[in-house]
């Protein structure tokens, strides 16, 4: 869990760095096939940029930042890893850490008992909100505080722009986020819900675009290269 006075933009953990290195190896093997990797693009968020770096270095390419590939949480003051929600509880100390963004109404001179009661109420309220958001995501929907149509529109525009700039035989690698991957798949597959698929850290989803306009989801959430490094398997 990361909090900030502005948008939370955490960097990769040590484990995340190990996962990112595995992606570089998995994608480098594509260089031996008929479709060469010509570009490496990334969301502007730090965790995506740091994930992209090993692959770009291995391929001898620059990481190109595309602002519209950012996740729906880009402007939120807190980042909560998805495994925290799967574990069934809010992170310890979260209410206190986010107090500047969610101030409670305890007077400066209130006694310790009143402060403790107010802090406990805030913690309970945040826990309920956290669980509600996670349950909504698990059901396949974006959090209510997110402008869903605007997020979906900007991601689709970004993908269309990237595809239109590619030659027929080109492969472009995009490092983004679970929400970005999901709304792209929603568009390609004609799905009702924006968040249909579980997307693991550093998994690979392959989408094929033809010159005729046909789009095919070749694979979704490939994770064999990082299976032993996923939080649920450690």
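Residue numbers (my numbering): 133 to 366. Where is the CB? At the ideal position from N, CA and C, for every residue including glycine.
Among the options, the one whose alpha carbon lies nearest that of residue i
i: residue 285; options: 301, 267, 314 and 257; result: 314
i: residue 291; options: 319, 353, 212 and 278; result: 319
i: residue 353; options: 330, 171, 143 and 259; result: 330
i: residue 149; options: 333, 305, 273 and 337; result: 333
i: residue 361; options: 335, 168, 305 and 348; result: 335
i: residue 300; options: 141, 169 and 158; result: 169
i: residue 191; options: 212, 158, 214 and 211; result: 158
i: residue 349; options: 342, 153, 278 and 338; result: 338
i: residue 351; options: 363, 327 and 321; result: 321
i: residue 171; options: 182, 323, 194 and 274; result: 194
i: residue 146; options: 139, 161 and 182; result: 182
i: residue 303; options: 161, 363 and 283; result: 161
i: residue 270; options: 210, 215, 305 and 308; result: 215
i: residue 283; options: 364, 264 and 309; result: 309
i: residue 140; options: 184, 323, 294 and 212; result: 212
i: residue 342; options: 295, 173, 144 and 259; result: 295
Start and end residues, alpha helix (DSSP H) containing residue i
i: residue 340; result: It is not in any alpha helix (DSSP H) - residue 340 instead sits in the beta strand (DSSP E) that spans 336-341.
i: residue 283; result: 280-296
i: residue 314; result: 310-321
i: residue 183; result: 178-191
i: residue 150; result: 146-160
Cβ neighbour criterion (16 or more within 10 Å) applied to residue i
i: residue 340; result: exposed
i: residue 207; result: exposed
i: residue 345; result: exposed
i: residue 239; result: Annotation note: pLDDT 41 at residue 239 (below 50); position unreliable, coordinate value reported separately. Residue 239 comes out exposed.
i: residue 311; result: buried
i: residue 188; result: buried
i: residue 237; result: Reliability of the predicted coordinates at residue 237 is poor, the pLDDT of 36 falling under 50, and the value obtained from them is presented with this limitation in mind. It counts as exposed.
i: residue 151; result: buried
i: residue 357; result: buried
i: residue 167; result: exposed
i: residue 297; result: exposed
i: residue 289; result: exposed
i: residue 156; result: buried
i: residue 257; result: exposed
i: residue 327; result: buried
i: residue 186; result: buried
i: residue 227; result: The predicted model places residue 227 with a pLDDT of 28, which falls under 50 and marks its position as unreliable, so this point remains unresolved.
i: residue 264; result: exposed
Continuous beta strand (DSSP E) stretch holding residue i: start and end
i: residue 171; result: 169-174
i: residue 354; result: 347-354
i: residue 196; result: 195-197
i: residue 306; result: 303-307
Closer than 9 Å to chain B by CB, residue i
i: residue 159; result: Absence of chain B from the displayed structure is noted, only one protein chain being present.
Original post:
Can at least three beta-carbon pairs, one atom from the region 197-215 and one from the region 174-182, be found at a separation below 8 Å?
Top reply: Yes, since at least three Cβ pairs between the region 197-215 and the region 174-182 fall closer than 8 Å, the two stretches touch.
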